[in-house]
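S.K.: Pasting a structure here, questions to come.
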Amino acid sequence: MRNDRDRFPQVAIALPNAGRRRFVRGLVAGGVMVGLSPWVRAAAQGLADTRTGAAPVLSGTNIDLVVAESPVNFTGRPRMATTINGSIPAPTLKLREGDTVTIRVTNRLREATSIHWHGIILPYQMDGVPGVSFPGIAPGETFTYQFRLEQTGTYWYHSHSGMQEQTGMYGALIVEPRDADPIRADRDYVVQLSDWTDEDPMRVLAKLKVQSDYYNYHQPTVIDFFRDVADMGLSRALDKRAMWNQMRMNPTDLADLSGATLTYLMNGVTPAGNWTGLFRPGERVRLRFINGAANTFYDVRIPGLKMTVVQSDGQNVEPVTVDEFRFGPGETYDVVVTPKDEAYTIFAQAMDRSGFARGTLAVREGLEAPVPALDPVEWLTMADMMGAMDHGAMGHGGSAMGAMDHGAMGHDMPGMKHDMSGMNHGAMAMDHGQHAMHGMTGGALAKPSATVRHARTEYGPSTDMRVDMPRTNLDDPGIGLRNNGRRVLTLADLKTIGGPLDPRGAEREIELHLTGNMERYAWSLDGLEFGKSTPVHLKYGERVRVILHNDTMMTHPMHLHGLWSEVETPDGQFLVRRHTVPVQPAQRVSFLVTADALGRWAWHCHLMLHMDMGMFRVVVVS
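So the sequence shown is residues 11 to 632, counted in our numbering.
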């Protein structure tokens, strides 16, 4: 197996450098090799430079992909990347509905690799998850993927091995309809967002294990305190900080990694490089947004231009026009725009406001439009932490005062719920892979259960908080996007054309809690990391409601392989078909699943470090 010393210089863990507070905008020619150090020159001998900015397009029914290392320089510090056919992003695969495709993947790394076809419904043996659906692709070997395409839309593919996705191994996958596409466009561009760090990803993880907020440079400051004193008075400003201090939590803890180490990329191009897509005024331009980042939620807008959302996770939706949308790793959105001026900035700022990716729509090369300033950093609210509080001030519904159980941390906080006296522990299942609700009639399952059931495994060192009164706020755009003066897309806005694939209601419910401990940098489901859990079992053909309950302060994009997740309202009405479902802090989201695909499937948070740290399950359909 490759030693990561061959790719990244080893450095001791140190305190964050204040000089890095301005995020890395990168080189204008991000990917051009300059000033190679001897260790990179040796590793790069015989290798061509990595292509960035214009991914090659491959089509047909027989495709060859080669996984290898190639050199890159996004920041002025040369590094080695993991690439497919020498490109970041990897080649765009344009395939056709109804075709059976054969894709041969050859591994030229010194370690095993894999490719997962994200969002594609296929036999589980072709899903590409080592240890779950197949053994992986050993060094020097070629694995042949073969599957029939039964869907259309915008998807993507990436490695499911080690830290390879973080180091460049991802690309777009477009399945074109066999008949005419109902979405009409004169131009069609893939806009794949990602993030890059010059650091060894394993060293990044080691730093987070020592100090979970190592990369958070938006910590509350003295200036913030005096601003709060001016706005709300001394007493309330002191109470605000005392509350967070007592909980040992950080109100700006929105992302594990930030612009302190990440360079934000659009189609493999840095902000300074400015990826550009051309158009003629008045044309309909389709932009296929793919979040291929390992760590970053992006808030996307095109100042001066409305976006009409026409597709979500590859599925056509009733068109909805917005100014902005947020999406996390794994998610895709297709939008149609009709530009009229000469140039527009495609602006994608990180959710923690530590940096951005950007590109340009223009009538000719070389044009640029103004790049907006980053939005202000907002603190998490009590609603984001505690659940169903009064959101009237934010205009997002809710009425009941929420509560969160901090008993696991031993904190003494007025108004917080410490005891578990009102909980029904008898309803908690012994199977640590799930806690299922049995003995309910069909009428009782017409809408999702509102009763919170914490598994007994949540009361342990892997969990530092539990939300007892979660939100079901599907109309909430999330922290940093509320009342910003722009029309922001929410889950409640999305309606898949054609309705659900399966008209049946749920036969049973499965409730899983997204859990973590920030001080330990531990992530889990029901308080159990992957290695300590048992699979979630589904009976072939059954219709199951899944409830995801977020007991953490971070948003998690949850990806279920091999099966569609049909998100519903709190009243049980179908909304949208997804393969990746984002769950906000203190939120409770439900969706229906038809277990129509036999085999073993992965189910995990698509923040890759969260997955690696344990927020992962195996689903067995038998």
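Just so you know, even glycine gets a beta-carbon here, dropped at the ideal spot from N, CA and C. This structure is a prediction, so every number in the text was calculated from the model and none was measured.
(1) Based on the DSSP secondary-structure assignment, which residues constitute the bridge partners of Pro-81?
(2) Can you check whether the CB of Ala-607 is closer than 7 angstroms to the CB of Gly-551?
(3) Can you list, in chain order, the stretches of the alpha helix (DSSP H) that have 4 or more residues and sit fully within the region 179-241?
(4) Mind listing, in chain order, the continuous beta strand (DSSP E) runs of no fewer than 3 residues lying wholly within the region 332-359?
(5) Hey, how far is the Cα of Val-214 from the Cα of Arg-194?
(6) Under three-state DSSP, which class holds Gly-509?
(7) Alpha carbon to alpha carbon, what distance is there between Pro-149 and Gly-376?
(8) Suppose you measure from the CA of Ala-605 to the CA of Pro-545; what does that come to, to the nearest Å?
(9) I want to check one thing, is the minimum distance from the CB of Val-387 to the heavy atoms of the ligand FMN below 6 angstroms?
(10) Can you check whether the CB of Met-392 is closer than 7 angstroms to the CB of Leu-264?
(11) Please report how far the alpha carbon of Gly-70 lies from the alpha carbon of Ser-97, in whole angstroms.
(12) Just to confirm the assignment, what range does the beta strand (DSSP E) spanning Ala-65 have?
(13) Apart from the five residues just before and just after Gln-156, which ones in its own chain have a Cβ nearer than 8 angstroms to its Cβ?
(14) Using the DSSP secondary-structure output, state which residues sit across from Thr-5 in a beta bridge.
(15) Assuming contact is defined by CB atoms lying nearer than 7 angstroms, are Leu-585 and Glu-578 in contact in what I supplied?
(16) State the start and end residues of the unbroken alpha helix (DSSP H) segment that holds Ala-393.
(17) Starting from His-620, trace the alpha helix (DSSP H) both ways and give me its first and last residue.
(18) Going by CA-CA distance only, name the one from Thr-93, His-168, Ala-91 that's closest to His-128.
(19) Just checking, does the region 581-601 make contact with the region 331-351 on the three C-beta pairs under 8 angstroms criterion?
(20) Out of Glu-334, Tyr-531, Trp-533, Glu-521, which one is the CA nearest neighbour of Val-603?
(21) To which residues does DSSP link Phe-144 through a beta bridge?
(22) Please look up how many angstroms separate the CB atoms of Val-477 and Asp-561, rounded, as I've assumed it's under 8 angstroms.
(23) With a CB to CB cut of under 6 angstroms and the five nearest residues on each side skipped, what residues in its chain are close to Arg-298?
(24) Assuming Ser-268 and Tyr-225 make a contact with CB atoms under 8 angstroms, what is their CB distance in whole Å?
(25) In the structure shown, what three-state DSSP assignment does Gln-7 receive?
(26) Along the beta strand (DSSP E) that carries Trp-533, what are the first and last residues, could you check?
(27) Give every residue of the same chain whose Cβ lies closer than 8 angstroms to the Cβ of Val-373, excluding the five residues on either side of it in the sequence, and list them in chain order.
(28) Does DSSP put Leu-585 in a helix, in a strand, or in coil?
(29) Note down, in chain order, each residue of its chain lying with its Cβ closer than 6 angstroms to the Cβ of Gly-397, except the 5 sequence neighbours on either side.
(30) Please report how far the alpha carbon of Asp-205 lies from the alpha carbon of Leu-244, in whole angstroms.
(31) Taking the C-alpha atoms as reference points, what is the distance between Trp-613 and Met-242?
(32) Is the Cβ-Cβ distance between Leu-119 and Val-82 less than 7 angstroms?
(33) Can the beta-carbon of Arg-87 be found closer than 7 angstroms to that of Asp-208?
(34) What number of angstroms, rounded off, separates the C-alpha of Arg-492 from the C-alpha of Asp-512?
(35) Assuming contact is defined by CB atoms lying nearer than 7 angstroms, are Thr-467 and Leu-538 in contact in what I supplied?
M.R.: For this structure:
(1) According to DSSP, which records beta bridges pairwise, Pro-81 is partnered with Met-90.
(2) No; because the gap between Cβ atoms is not below 7 angstroms, this pair is not in contact.
(3) Taken in chain order, the complete alpha helix (DSSP H) segments of 4 residues or longer contained in the region 179-241 are 211-220.
(4) The region 332-359 is shown to contain whole beta strand (DSSP E) runs of 3 or more residues at 334-337, 342-347, in chain order.
(5) Taking the straight line from one Cα to the other gives about 44 angstroms.
(6) Coil.
(7) Going by the C-alpha atoms only, they are around 42 angstroms apart.
(8) For Ala-605 and Pro-545, the distance between alpha carbons rounds to 14 angstroms.
(9) The ligand FMN is not part of the structure shown, which contains no ligands of any sort.
(10) No, the Cβ-Cβ distance between Leu-264 and Met-392 is not below 7 angstroms.
(11) Their backbone Cα atoms lie some 19 angstroms apart in a straight line.
(12) Bounds of any beta strand (DSSP E) do not take in Ala-65, whose DSSP letter is neither H nor E.
(13) Excluding residues within five positions, the ones whose Cβ falls inside 8 angstroms are Thr-110, Val-111, Thr-112, Ile-113, Met-136.
(14) The shown model of the chain, from 11 to 632, leaves out residue 5, and the question about it has no answer.
(15) The answer is yes: Cβ separation under 7 angstroms.
(16) Unbroken alpha helix (DSSP H) run through Ala-393: 392-396.
(17) For His-620, the uninterrupted alpha helix (DSSP H) run begins and ends at 618-622, by DSSP.
(18) Out of Thr-93, His-168, Ala-91, His-168 has the C-alpha closest to the C-alpha of His-128.
(19) Yes, the region 581-601 touches the region 331-351.
(20) Looking at the Cα atoms, Glu-521 is the closest of the given residues.
(21) Answer is Pro-140, bridged to Phe-144.
(22) Between Asp-561 and Val-477 the Cβ distance is about 5 angstroms, and since that is below 8 angstroms, they are a contact.
(23) Only Thr-164, Val-200, Asp-344 meet the Cβ criterion.
(24) Contact flag correct, Cβ pair sits at about 5 angstroms.
(25) Any property of residue 7 remains undetermined from this structure, which presents the chain solely from 11 to 632.
(26) Element bounds for Trp-533: 532-535.
(27) Annotation for Val-373: Leu-288, Phe-289, Arg-290, Pro-291, Glu-352, Ala-353 place their beta carbon closer than 8 angstroms to its own, counting only its chain and skipping 5 residues before and after.
(28) Leu-585: strand per DSSP, three-state reduction.
(29) Around Gly-397: Gly-412, Val-477, Met-479, Pro-480, Arg-481, Ala-596.
(30) Approximately 40 angstroms between the Cα atoms of the pair.
(31) Counting only the Cα atoms, Met-242 lies some 44 angstroms from Trp-613.
(32) No, the pair does not count as a contact, with Cβ atoms beyond the cut-off.
(33) Yes, these two residues count as a Cβ contact at 7 angstroms.
(34) The alpha-carbon atoms of Arg-492 and Asp-512 are separated by roughly 34 angstroms.
(35) With contacts defined as CB atoms closer than 7 angstroms, Thr-467 and Leu-538 qualify as a contacting pair.
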